[in-house]
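Residues 19 to 364 (this note's numbering) make up the sequence shown, in order. Ideal Cβ positions, reconstructed from N, Cα and C, are used throughout, including at glycine. Report on one structure; see the data block that follows.
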Amino acid sequence: MWWWNLKFHFWYRNPQTVALEKYQKKNYNTITFWKFCQYKFFEQWEDLKNYANSKGIYIIGDISFYVGYDSVDVWAERQLFMMSANDTPEYVAAAGPDKYSESGQVWGNPMYDWNAMKEDNFSWWRKRMRVCRELFDIVRIDHFAGIVKAYAVPYGQDKSLSGKWFKGPGRRLVNAINEELEGVNVVADDYTSASLLPGVKKLLAKSGWMGTKVMMFAFDGDPTNEYLPHNYTDSHVVAYIGTHDNETIVGSFSDKTDYELAYLYEYLNIENKSQVPNALIRELYHSTAELAIVQMQDILELGNEARMNYPSTVGHNWRWRMTSKPHRLDNEKIAWIRNIAVVYRR
19 MWWWNLKFHF WYRNPQTVAL EKYQKKNYNT ITFWKFCQYK FFEQWEDLKN YANSKGIYII
79 GDISFYVGYD SVDVWAERQL FMMSANDTPE YVAAAGPDKY SESGQVWGNP MYDWNAMKED
139 NFSWWRKRMR VCRELFDIVR IDHFAGIVKA YAVPYGQDKS LSGKWFKGPG RRLVNAINEE
199 LEGVNVVADD YTSASLLPGV KKLLAKSGWM GTKVMMFAFD GDPTNEYLPH NYTDSHVVAY
259 IGTHDNETIV GSFSDKTDYE LAYLYEYLNI ENKSQVPNAL IRELYHSTAE LAIVQMQDIL
319 ELGNEARMNY PSTVGHNWRW RMTSKPHRLD NEKIAWIRNI AVVYRR
């Protein structure tokens with residue numbers, strides 16, 4: 019940990035000490051340089067956002083529910099996290115086995131001390147949302163279920179099976195976020211385990227936020243599956259074919275037999291795998307969802323070599339870029355996308 023490392027004197031680990039003031043004076047030029055870089059970033063971001071908005075493009079900011087142990091937030095606001103006397107987390111965020119990972123995941127983020135946050139009326143979350151309000155047109159909050167209940171394991175554990183549940187702040191945090199965002203639309207990543215589903219759906223309905231539908235979870239042969247478009251009971255949702263955590267369309271179905279895909283073929287009225295990508299995109303656009311989002315990898319019909327993220331792994335994620343062939347849209351594909359966007363008013 020940068021602020022816990024032995025090369026830092028103990029007093030530097032406290033953001034309110036005289037020693038830190040001396041450190042700031044000693045490194046004035048370096049600190050000022052990075053302040054300038056941040057200033058230029060925000061200046062350029064504002065220009066980019068204004069240009070995008072002028073073209074009818076809205077920017078969605080994807081906000082992680084937790085922050086990292088090595089973040090400046092934990093260093094400066096340790097009283098808001100479940101930290102031990104020696105500045106290590108008591109518990110870290112995790113997830114039990116699910117559709118993303120059969121063995122579960124240990125994310126490693128320090129858990130919030132919700133009692134401490136309630137005492138100052140969620141000031142840290144409020145500041146965070148005020149920044150989001152300036153940067154983005156829509157805010158997506160990851161792991162919405164954590165506001166209801168969160169799973170965690172003791173610090174140092176590398177398996178997710180030995181954890182426990184912590185009750186979240188519920189509607190009080192939702193209300194605080196809504197007060198600060200002042201009408202900015204929020205997308206809630208409301209995917210969760212069956213045991214938490216009733217509480218998550220209840221809070222989502224009260225929040226006014228958009229829920230999430232992922233079509234990659236839909237085709238298990240069950241016609242009552244909530245992710246099938248004909249089962250959408252509320253249009254106030256964002257529908258994806260797959261998110262950053264999923265395989266691409268081509269990657270997901272490449273090793274499936276026609277027998278396994280029989281329900282998919284029947285639902286989409288197609289006959290073979292080569293028709294799946296375009297048929298899924300059309301079905302998504304045709305749905306009643308308020309927003310429909312398709313990854314460029316799926317429009318380009320790329321395999322898992324272009325997958326964005328593999329949950330519970332590190333070191334090789336978030337590297338895909340749309341650069342050159344075969345990552346270019348040809349005129350035929352451009353015309354097709356434009357046509358279905360017009361047909362379904364997307």
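Q315 sits buried, since 16 or more C-beta atoms from the chains shown fall within 10 Å of its C-beta. Nearest to I165 by alpha-carbon distance, out of M135, H248, G174, is M135. Judged by beta-carbon spacing, M234 lies within the 9 angstroms limit of Y258, meaning their Cβ atoms are closer than that value. Note on Y109: 16 or more other CB atoms within 10 angstroms of its CB, so buried under the neighbour-count rule. Counting along the chain, G126 sits inside the beta strand (DSSP E) bounded by residues 123-128. The DSSP assignment places 267-271, 280-286 as complete runs of the alpha helix (DSSP H) inside the region 228-290, in order along the chain (cut-off: 4 residues). Judged by DSSP secondary structure, F60 falls within the alpha helix (DSSP H) whose first and last residues are 46-72. Excluding the 5 residues flanking it on each side, E308 has same chain C-beta neighbours closer than 8 angstroms at M228, S253, H254, V255, V256, in chain order.
Non-local beta-carbon contacts of K67 in its own chain, meaning distances under 7 angstroms to residues more than five positions away in sequence, involve I77 in chain order.
Of the residues assessed, N203 falls on the buried side of the cut-off, its CB having 16 or more other CB atoms within 10 angstroms. P115 and R325 have their C-alpha atoms roughly 21 angstroms apart. The beta carbon of V268 is closer than 7 angstroms to those of P295, E319, L320, G321 in its chain, skipping five residues each way along the sequence. With fewer than 16 other Cβ atoms from the protein chains shown falling within 10 Å of its own Cβ, R337 counts as exposed.
Between P172 and S178, the gap from beta carbon to beta carbon reaches 9 angstroms or more. Runs of the alpha helix (DSSP H) lying entirely within the region 76-127, each at least 4 residues long, are 90-94 in chain order.
Going by C-alpha positions, F162 is about 21 angstroms away from E120.
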